[in-house]
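A short write-up of the structure that comes next.
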Amino acid sequence: MDNSQAFDPQIMEQFAQQLLRKADSVRVGSAVAGGILGVVFGAVPLTPLASVWPIPAIFGFATILLGALAGILVGYVIGEGRAFRFRVQAQTALFQVDIERRLESALLVQSRLIAAALGPVAATPKPAAAPAAPAPAGLVARGRAAVRYRLAALAAR
0 MDNSQAFDPQ
10 IMEQFAQQLL
20 RKADSVRVGS
30 AVAGGILGVV
40 FGAVPLTPLA
50 SVWPIPAIFG
60 FATILLGALA
70 GILVGYVIGE
80 GRAFRFRVQA
90 QTALFQVDIE
100 RRLESALLVQ
110 SRLIAAALGP
120 VAATPKPAAA
130 PAAPAPAGLV
140 ARGRAAVRYR
150 LAALAAR
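Have a look at this one:
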């Protein structure tokens, strides 16, 4: 993995902040759009379409006001449902950042414990071990590469 693809928690935190701002704007935008639609529908008694509705034109201001309030309420409810999805995505991103931080700290503690347990390596000859069953070459190479990458990332801090 090169540096352009390395994990950066700040990017995920910015992404989560954007999602939270988007959730707020979706909720407010839906309420505003609902209010505008409510005003349009509430203004029908003041238009030539008044013959369709049995509400007299004298109540035009009241129907506009009631239409706006009903539209705002409906828009807010719809916007809140949509905003919830963005909040869930933001929480998921923050949870991933938390998992990565905990994993890095656990690996750091584990590498320190291993280093402390091994201590300074003395130049003592190692006893010959019994031949073990060969592991698949690809699996061993990937495991070694992952360990090297993690240790390099921890050493860079």
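Numbering (numbering that gives the first Met the number 0), first residue to last: 0 to 156. Just so you know, even glycine gets a beta-carbon here, dropped at the ideal spot from N, CA and C. Remember, predicted model here, so these are calculated numbers, not experimental data.
Can you say whether residue i is buried or exposed, counting buried as having 16 or more other CB atoms within 10 angstroms of its CB?
i, result
"GLY80", "exposed"
"ALA82", "buried"
"ALA114", "exposed"
"THR46", "exposed"
"PRO44", "buried"
"VAL92", "The question names Val, but residue 92 is Ala in the sequence shown. Classification for ALA92: buried."
"LEU112", "exposed"
"VAL25", "buried"
DSSP three-state call for residue i: helix, strand or coil?
i, result
"ILE54", "coil"
"PHE94", "helix"
"ALA134", "With a pLDDT of only 49 at ALA134, under the threshold of 50, the placement of this residue in the model should not be trusted, and no figure is reported."
"THR46", "coil"
"MET11", "helix"
"PHE85", "helix"
"PHE60", "helix"
"ALA5", "coil"
Do residue j and residue i come within 8 Å of each other at the CB atom, strictly closer than that value?
i, j, result
"VAL38", "GLY78", "no"
"ALA22", "PHE94", "no"
"SER110", "TYR75", "no"
"GLU12", "VAL87", "no"
"ILE63", "ALA42", "yes"
"ARG100", "PRO8", "yes"
Counting only C-beta atoms, is residue i closer than 8 Å to chain D at any point?
i, result
"ALA30", "Of the protein chains in the structure, only one exists, and it is not chain D."
Which whole-angstrom value is the C-beta distance of residue i and residue j, which I expect to be below 8 Å?
i, j, result
"GLY59", "GLY34", "17 Å between Cβ atoms; not a contact."
"ALA15", "ALA116", "ALA15 to ALA116, Cβ: 38 Å. No contact."
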